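Peer 1:
Protein chains: 2
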Amino acid sequence: MVKIALTGDRPTGKLHLGHYVGSLKQRINLQHEVDRNLVMIADMQALTDNAKNPEKIRNSIMNVALDYLSVGIDPNMSTIFIQSQIPALNELTMIYLNLVTVARLERNPTVKSEIKQKKFDQSVPAGFLIYPVSEAADITAFKANYVPAGDDQEPMIEQTREIVRTFNHTYRKDVLVEPKGIFPPKGQGRIPGIDGSAKMSKSLGNAIYLTDSADEVQRKVMSMYTDPKHVHIDDPGSIEGNVVFTYLNIFDSDVEQVAKLETQYQKGGLGDVKIKKRLIEVLNSFLDPIRQKRADYAKNIDYVEHVLQDGGKKANELANKTLKEMRDAMGINYF
Amino acid sequence: MVKIALTGDRPTGKLHLGHYVGSLKQRINLQHEVDRNLVMIADMQALTDNAKNPEKIRNSIMNVALDYLSVGIDPNMSTIFIQSQIPALNELTMIYLNLVTVARLERNPTVKSEIKQKKFDQSVPAGFLIYPVSEAADITAFKANYVPAGDDQEPMIEQTREIVRTFNHTYRKDVLVEPKGIFPPKGQGRIPGIDGSAKMSKSLGNAIYLTDSADEVQRKVMSMYTDPKHVHIDDPGSIEGNVVFTYLNIFDSDVEQVAKLETQYQKGGLGDVKIKKRLIEVLNSFLDPIRQKRADYAKNIDYVEHVLQDGGKKANELANKTLKEMRDAMGINYF
Chain A
3 MVKIALTGDR
13 PTGKLHLGHY
23 VGSLKQRINL
33 QHEVDRNLVM
43 IADMQALTDN
53 AKNPEKIRNS
63 IMNVALDYLS
73 VGIDPNMSTI
83 FIQSQIPALN
93 ELTMIYLNLV
103 TVARLERNPT
113 VKSEIKQKKF
123 DQSVPAGFLI
133 YPVSEAADIT
143 AFKANYVPAG
153 DDQEPMIEQT
163 REIVRTFNHT
173 YRKDVLVEPK
183 GIFPPKGQGR
193 IPGIDGSAKM
203 SKSLGNAIYL
213 TDSADEVQRK
223 VMSMYTDPKH
233 VHIDDPGSIE
243 GNVVFTYLNI
253 FDSDVEQVAK
263 LETQYQKGGL
273 GDVKIKKRLI
283 EVLNSFLDPI
293 RQKRADYAKN
303 IDYVEHVLQD
313 GGKKANELAN
323 KTLKEMRDAM
333 GINYF
Chain D
3 MVKIALTGDR
13 PTGKLHLGHY
23 VGSLKQRINL
33 QHEVDRNLVM
43 IADMQALTDN
53 AKNPEKIRNS
63 IMNVALDYLS
73 VGIDPNMSTI
83 FIQSQIPALN
93 ELTMIYLNLV
103 TVARLERNPT
113 VKSEIKQKKF
123 DQSVPAGFLI
133 YPVSEAADIT
143 AFKANYVPAG
153 DDQEPMIEQT
163 REIVRTFNHT
173 YRKDVLVEPK
183 GIFPPKGQGR
193 IPGIDGSAKM
203 SKSLGNAIYL
213 TDSADEVQRK
223 VMSMYTDPKH
233 VHIDDPGSIE
243 GNVVFTYLNI
253 FDSDVEQVAK
263 LETQYQKGGL
273 GDVKIKKRLI
283 EVLNSFLDPI
293 RQKRADYAKN
303 IDYVEHVLQD
313 GGKKANELAN
323 KTLKEMRDAM
333 GINYF
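Keeping their order, the protein sequence lines are chains A and D.
First residue of the first sequence? That's 3 in the working numbering, and the numbers climb one at a time after it.
First residue of the second sequence? That's 3 in the working numbering, and the numbers climb one at a time after it.
Printed below as a string of structure tokens:
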């Protein structure tokens, strides 16, 4: 079976370490594991709750593309494209909307909690309510059968699977492919913010960006949440919920040394400044080659645009092919 | 000011005298009054509540096109096209969905009453709920400022006007044009069914189709609702709610003769068979040239397809132009 993966991000800002750990890392590996790796910059989806602020989306697109290239998403192995450049996705969405009830959309737990979180109250944009259907269009247009995503995307993938079954059954042809969600193992796939919150997020202001300078990383790590009870160096410290150790465990390749530091910290006698300095070093040596690549690509924006146009061309071919098969199955292929 | 009109029909069956009186007649006149007359066969809209029965829509498209041509919608004066051939309409809809709240859609009185009438209960297709937004896309894509329609379409046009204002205001450019609904004078624009129901409708089985043969017309008129108290020829009869007279008043050009018959009928001494025979004659002489033209076009389906393709090409040019202006205003015109 041909393996086709689709992932993407809403371009509403620069990407941070949370994105890296939660999805970019997997996508880079995926390039070697699947037959086709599609990476979508979801600007149309970003508009569903940013309709009044399209500049933010416009400005973020190039940032996200640069982030992709600099972490190692390779245009020779991946198709990187912008969602709004693929008109067929809108038509797929319109077709699927007739196969999904309003009640079903209103039951989607992710959308429900996002509506609460975004404080839409009584003014939920219709485009936001239906965005799971638009995601179904994104996934199915490319016949993606692998959808690596965060846990919160599980209801979206289930909705997509339902739409695929309904479409194929209604139009009596197996045109569409049911995707499989690939979720990170429990506890992984998410890193805490520098303030100790469960999730690193731009809106919480607790993120370390892939584009942060060495100085910014230093400043952020020095302000990082550790163990509030660890006041004096000699006090025993806790590593549970201690963000510095959480990060060291993820980014420090010297596993033995980290284990040793943990033991010492728990016993007492290891200061926060010392472990933070180590983390600063580790993060900066992780980010340095990414920064270097980003600076190179930023000098060559024409190339980045070329990558996106090229990806768009490929994505259009695939999506138009699926749309044609769908129209044939539905019998709305008049001429 | 350039006058652009858009009208259309859902292709869910053949057109009948109700369509003729309610809209086709006005459209034929409109051809001489506006600068651009667009006539759309709304197959995508028909799918919103016929997703499981696309054959019906497919089969109706050619019938509706033949009906148009045979009543005198002239491809040299009108742009006749199929909605699903214009991909930009889907993108416009997706953009507008972000500017309309779910609550606003749920308040639409026409959609509310249709949901009741169609007995959707808890399973309203999402595509059906949002079809007013899709209509806004149809109207605005062509910058139509004249939308002749039935009274029940007033909420749709109001919704379109709201979207136009929101779009232009949000993206700080007067890209879109507010349409004006053109509604028939009170009491006109609707004819009763042959059974006396207020509305002629396919689903009520009380319609005379433009394609009915002379024999079918005869059979239907002979079964027509008149005055149930008018039992004997000599009894005085009522013309109020008497479908035969309603039709004679619309289709019989000999106004004086109709007035005379009315007086005689009310006084007594005029039988139902006599007035029905007159109506049969009147309707058949109205339908004869339409039938003749239809038979001619039906022999030349290639020409009809050519008309639809040609119209689609023109409609695509116009809609793509509007879409480009919209994307420019929104700033999502990356390359």
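Beta carbons are placed, not taken as given, at the ideal position from N, Cα and C, and that holds for glycine.
Here the structure is a predicted model, which is why all the values come from computation and not from measurement.
Verify the CB distance criterion: does Ile165 of chain A have a CB-CB separation below 8 Å to chain D?
Peer 2: Translated into the one-based positions of the first sequence, residue 165 of chain A becomes position 163. By this cut-off, Ile165 of chain A is not an interface position.
Peer 1: Helix, strand or coil for His232 of chain D per DSSP?
Peer 2: Numbered from its first residue, the second sequence carries residue 232 of chain D at position 230. Of the three classes helix, strand and coil, the one that applies to His232 of chain D here is coil, per DSSP.
Peer 1: Alpha carbon to alpha carbon, what distance is there between Gly198 of chain A and Leu206 of chain A?
Peer 2: Within the first sequence, residue 206 of chain A is the residue found at index 204, counting from 1. Within the first sequence, residue 198 of chain A is the residue found at index 196, counting from 1. Taking the straight line joining both Cα atoms gives about 11 Å.
Peer 1: From the beta carbon of Lys188 of chain A, is the nearest beta carbon of chain D less than 8 Å away?
Peer 2: As a first step, residue 188 of chain A is located in the first sequence; it is residue number 186 there, counting from the start. By this cut-off, Lys188 of chain A is not an interface position.
Peer 1: Since Leu336 of chain D meets chain A, which of its residues come closer than 7 Å, beta carbon to beta carbon?
Peer 2: Residue mapping note: residue 336 of chain D aligns to position 334 of the second sequence, counting from 1. One detail in the question is off: residue 336 of chain D reads as Tyr in this sequence, not Leu. What Tyr336 of chain D touches in chain A: Ile63 and Ile84.
Peer 1: Got a sec: is the Cβ-Cβ distance from Arg60 of chain A to anything in chain D below 8 Å?
Peer 2: What you label residue 60 of chain A is simply residue 58 of the first sequence in a count that begins at 1. Yes - at least one Cβ of chain D is within 8 Å of the one on Arg60 of chain A.
Peer 1: Against Asp45 of chain D, what residues of chain A qualify as contacts under a CB-to-CB distance less than 8 Å, listed in chain order?
Peer 2: Numbered from its first residue, the second sequence carries residue 45 of chain D at position 43. Result: Ile334.
Peer 1: Looking at Phe83 of chain A: is its Cβ nearer than 8 Å to the Cβ of Leu310 of chain A?
Peer 2: Taking the first sequence and counting its residues from 1, one reaches residue 83 of chain A at position 81. Taking the first sequence and counting its residues from 1, one reaches residue 310 of chain A at position 308. Yes, the pair counts as a contact, with Cβ atoms nearer than the cut-off.
Peer 1: How many Å lie between Asp51 of chain D and Pro127 of chain D at the Cα?
Peer 2: For the purposes of this step, residue 51 of chain D is identified with residue 49 of the second sequence, where counting begins at 1. For the purposes of this step, residue 127 of chain D is identified with residue 125 of the second sequence, where counting begins at 1. The alpha-carbon atoms of Asp51 of chain D and Pro127 of chain D are separated by roughly 7 Å.
Peer 1: Closer than 8 Å between beta carbons: that is the criterion. Which residues of the region 111 to 132 of chain D meet it against chain A?
Peer 2: Listed by position, the residues of the region 111 to 132 of chain D near chain A (Cβ gap below 8 Å) are Gln124, Ser125, Val126, Pro127, Ala128, Gly129, Phe130, Leu131 and Ile132.
Peer 1: If we cut at 8 Å on Cβ distances, does Ala2 of chain A have a partner in chain D?
Peer 2: Since the first residue of chain A shown is 3 and the last is 337, residue 2 of chain A is not available in this structure.
Peer 1: Where do the N-terminal and C-terminal ends of the beta strand (DSSP E) with Phe83 of chain A fall, by residue?
Peer 2: Reading the first sequence from its first residue, position 81 is the one you call residue 83 of chain A. Per DSSP, Phe83 of chain A belongs to the beta strand (DSSP E) from Ser80 to Ile84.
Peer 1: Using only CA atoms, which one of D:Phe169, D:His234 and D:Leu281 lies nearest to Asp256 of chain D?
Peer 2: For this step, residue 256 of chain D is matched to residue 254 along the second sequence. Cα-wise, what sits closest to Asp256 of chain D is D:Leu281.
Peer 1: Examine the Cβ distances between the region 267 to 274 of chain D and the region 226 to 239 of chain D and report whether three or more of them are shorter than 8 Å.
Peer 2: The region 267 to 274 of chain D is in contact with the region 226 to 239 of chain D.
Peer 1: Take Lys16 of chain A as the anchor and find which of A:Met64, A:Gln119, A:Thr172 and A:Asp298 has the nearest alpha-carbon.
Peer 2: Numbered from 1 along the first sequence, position 14 holds the residue referred to as residue 16 of chain A. Comparing Cα-Cα distances from Lys16 of chain A to each of A:Met64, A:Gln119, A:Thr172 and A:Asp298, the minimum goes to A:Met64.
Peer 1: Determine the DSSP secondary structure at Thr112 of chain A, reduced to helix, strand or coil.
Peer 2: As a working note, residue 112 of chain A is residue 110 in the first sequence. DSSP places Thr112 of chain A in helix when its eight states are reduced to three.
Peer 1: Within its chain, find whatever has a CB closer than 6 Å to the CB of Asn318 of chain D; leave out the 5 residues flanking it on each side and keep chain order.
Peer 2: The count along the second sequence starts at 1 and reaches residue 318 of chain D at position 316. Contacts found: Ile88.
Peer 1: DSSP state of Arg296 of chain D, grouped into three classes?
Peer 2: Taking the first residue of the second sequence as position 1, residue 296 of chain D is located at position 294. DSSP places Arg296 of chain D in helix when its eight states are reduced to three.
Peer 1: Using beta-carbon positions only, say whether Thr81 of chain A and Val41 of chain A come within less than 8 Å of one another.
Peer 2: Taking the first residue of the first sequence as 1, we reach residue 81 of chain A at position 79. Taking the first residue of the first sequence as 1, we reach residue 41 of chain A at position 39. It is a contact, given that the beta carbons lie within the stated cut-off.
Peer 1: Which class does Tyr22 of chain D belong to by DSSP, given the choice of helix, strand or coil?
Peer 2: Taking the second sequence and counting its residues from 1, the one referred to as residue 22 of chain D is at position 20. It is helical.
Peer 1: Please state whether DSSP places Pro181 of chain D in a helix, a strand or coil.
Peer 2: In the second sequence, counting from the first residue as 1, residue 181 of chain D sits at position 179. Correct three-state label for Pro181 of chain D: coil.
Peer 1: Just by C-beta distance, which residues in the region 303 to 320 of chain D are closer than 7 Å to chain A?
Peer 2: Answer set for the region 303 to 320 of chain D: Glu307 and Gln311.
Peer 1: Note down the Cα distance separating Glu307 of chain A from Thr14 of chain A, rounded to an integer number of angstroms.
Peer 2: Counting from 1 along the first sequence, the entry for residue 307 of chain A is found at position 305. Counting from 1 along the first sequence, the entry for residue 14 of chain A is found at position 12. For Glu307 of chain A and Thr14 of chain A, the distance between alpha carbons rounds to 18 Å.
Peer 1: Under 6 Å Cβ to Cβ from Asp176 of chain D, same chain only, skipping five residues before and after it: list those, please.
Peer 2: Within the second sequence, numbered from 1, the residue matching residue 176 of chain D stands at position 174. Excluding residues within five positions, the ones whose Cβ falls inside 6 Å are Asn170.
Peer 1: Considering only the alpha carbon of each residue, which of A:Lys27, A:His34, A:Tyr70 and A:Gly10 lies closest to Gln47 of chain A?
Peer 2: Here residue 47 of chain A is taken as the residue at index 45 of the first sequence, counted from 1. It is A:Gly10 whose Cα lies nearest to the Cα of Gln47 of chain A.
Peer 1: In three-state DSSP terms, what is Asn170 of chain D?
Peer 2: As a position in the second sequence, residue 170 of chain D is number 168, starting the count at 1. Three-state DSSP puts Asn170 of chain D in a helix.
Peer 1: Hey, which unbroken runs of the alpha helix (DSSP H) at 4 residues or more fall wholly within the region 206 to 255 of chain D?
Peer 2: Runs of the alpha helix (DSSP H) inside the region 206 to 255 of chain D: 216 to 224 and 245 to 253.
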